[in-house]
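J.:
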Amino acid sequence: MCAAGPAARRLASRAPSAGSAPKRSRRGKSSAIAYEPEPPGPKWEPENWRQQLERIREMRRARDAPVDEMGVEKCYDSSAPPQVMRYQVLLSLMLSSQTKDQVTSAAMLRLRQRGLTVDSILQMDDVTLGQIIYPVGFWRNKVKYIKQTTAILKQKYGGDIPSTVEELVKLPGVGPKMAHLAMNIAWNSVSGIAVDTHVHRITNRLKWVKKETRYPEETRVALEDWLPRDLWREINWLLVGFGQQTCLPVNPRCKECLNQDICPAAKRR
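Using UniProt numbering, you'd call the opening residue of the sequence shown number 1 and step up by one each time.
1) Quick one, which of A266, K267, L95, I262 has its alpha-carbon nearest N48's?
2) By the DSSP assignment, the alpha helix (DSSP H) with F120 in it spans what residues?
3) Identify, in the order they occur along the chain, each residue of the same chain with its Cβ nearer than 8 Å to the Cβ of N204, setting aside the five sequence neighbours on each side.
4) Assuming P264 is part of the alpha helix (DSSP H), what are its boundary residues?
5) So the alpha helix (DSSP H) T197 belongs to, where does it begin and stop?
6) CB-CB under 8 Å to V160, same chain, minus the five flanking residues each way: which ones, in chain order?
7) When the Cβ atoms of the segment 225-232 are set against those of the segment 250-259, are three or more pairs found closer than 8 Å?
8) Quick check on T150: buried or exposed, where buried means 16 or more other Cβ atoms within 10 Å of its Cβ?
9) Assuming A179 and V169 are in contact, meaning their beta carbons sit under 8 Å apart, how far apart are those beta carbons, in whole angstroms?
10) Among the candidates S92, W208, P135, whose CA atom is the shortest distance from the CA of W44?
11) Would you kindly report the start and end of the unbroken alpha helix (DSSP H) that includes T149?
12) Using the rule of at least 16 other Cβ atoms within 10 Å of the residue's Cβ for burial, across every protein chain shown, is S105 buried or exposed?
13) How big is the Cα-Cα spacing for S97 and S120?
14) Could you say if the segment 128-143 and the segment 102-117 meet the contact criterion of at least three C-beta pairs nearer than 8 Å?
15) When you compare the CB positions of G130 and D101, do they come within less than 8 Å of one another, or not?
16) Check the C-beta distance from G186 over to V89 and give it rounded, since I have them as a contact under 8 Å.
17) Of the residues Y215, R233, A222, M59, which one's Cα is nearest the Cα of R183?
18) Who are the near neighbours of V103 in its chain, counting only those whose CB is closer than 6 Å to its CB and skipping five residues on each side?
19) Do V240 and H200 come within 8 Å of each other at the CB atom, strictly closer than that value?
20) Assuming L238 contacts R50 under a Cβ cut-off of 8 Å, what Cβ separation, rounded to an integer in Å, is found between them?
21) DSSP on D64, reduced to helix/strand/coil?
22) I think I193 touches L223, with their Cβ atoms under 8 Å apart; what is that distance to the nearest whole Å?
23) Does the distance from the C-beta atom of R55 to that of N188 stay below 8 Å?
24) Would you kindly work out how many angstroms separate the C-alpha atoms of P66 and Q52, rounded to a whole number?
25) Please list, in chain order, all residues of the same chain as M94 whose beta carbon is under 8 Å from its beta carbon, the five residues on each side excluded.
26) Within 10 angstroms of the Cβ of G243, are there 16 or more other Cβ atoms? Answer buried if so, exposed if not.
27) Note the first and the last residue of the continuous alpha helix (DSSP H) segment covering G115.
Next comes the structure, spelled out in structure tokens:
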């Protein structure tokens, strides 16, 4: 038999002997501690963000950035039947990835001149489609994605586009940013914040994320954690134009920016 260790012997010495009445505890019954519930609302929000937002709105008041004149909302035929209009919105979003608004707008105009519908794209050969959309970024891949996605829309959705982000991102060549913008523009539904390179860059410069983010999707999650939902629709358009005109990727025009005195990035320059 193994000998009991010191700890076991101490425990045994404290145990009541057989037949002895258990000692009654002198302490009263323990009572549950009542914790105050956490106050409602966001746990964290960036410093000066409301003032920064108002100043960006002021700088964007003229609505004269490329996104205002040639962005996705200007690329589709607003007089087309709703189903065709939604398809054109999705195609313009697919073309816009890694492409300037001016180039996307011109490509969409050439497509629309041929009658831009699901059937017209399915009937078009890949070479012709490539010639029409060139020189959008990664145009060869986009030819493949457009044809694949259009075939899926025809077979699975009756020529319309999906009405949820979950279904949209399953389509070839469609990412989260495109899906949220498609929900916003095509379905008039705010499903989330559309974060492109401009929104990603600017929100990190302004410290609108609790800690620095590396990828746009990471930024989207961080922003949605605190930014009031009634601003989700506006924020993409606002920051994209601001990024095109003032808060440039390289050599941002900090001296022209109304936020230069309260921008963390400007203070480091």
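Where a beta carbon is used, it is the ideal one built from N, C-alpha and C, also for glycine. Just so we're clear, the structure is a prediction, and the values are computed from it rather than from any experiment.
T.: Concretely, from the data shown:
1) I262
2) The question names Phe, but residue 120 is Ser in the sequence shown. It spans 118-123 - the alpha helix (DSSP H) in which S120 sits, taken as one unbroken run.
3) E212, T213, T219
4) 264-267
5) 197-205
6) Per the sequence shown, residue 160 should be read as Asp rather than Val. Q83, R86, Y87, L153.
7) no
8) buried
9) 5 Å
10) W208
11) 139-156
12) buried
13) 22 Å
14) yes
15) no
16) The question names Gly, but residue 186 is Ala in the sequence shown. Sure, about 4 Å apart at Cβ, within 8 Å.
17) With the sequence shown as reference, residue 183 is identified as Met, and Arg is not the correct amino acid for it. It is R233 whose Cα lies nearest to the Cα of M183.
18) V136
19) no
20) Their Cβ separation, rounded to whole angstroms, is 13 Å, which puts L238 and R50 out of contact at 8 Å.
21) coil
22) 5 Å
23) no
24) 22 Å
25) K142, Y145, I146, T149, G173, V174, M178
26) buried
27) No alpha helix (DSSP H) contains G115, which DSSP labels as neither H nor E.
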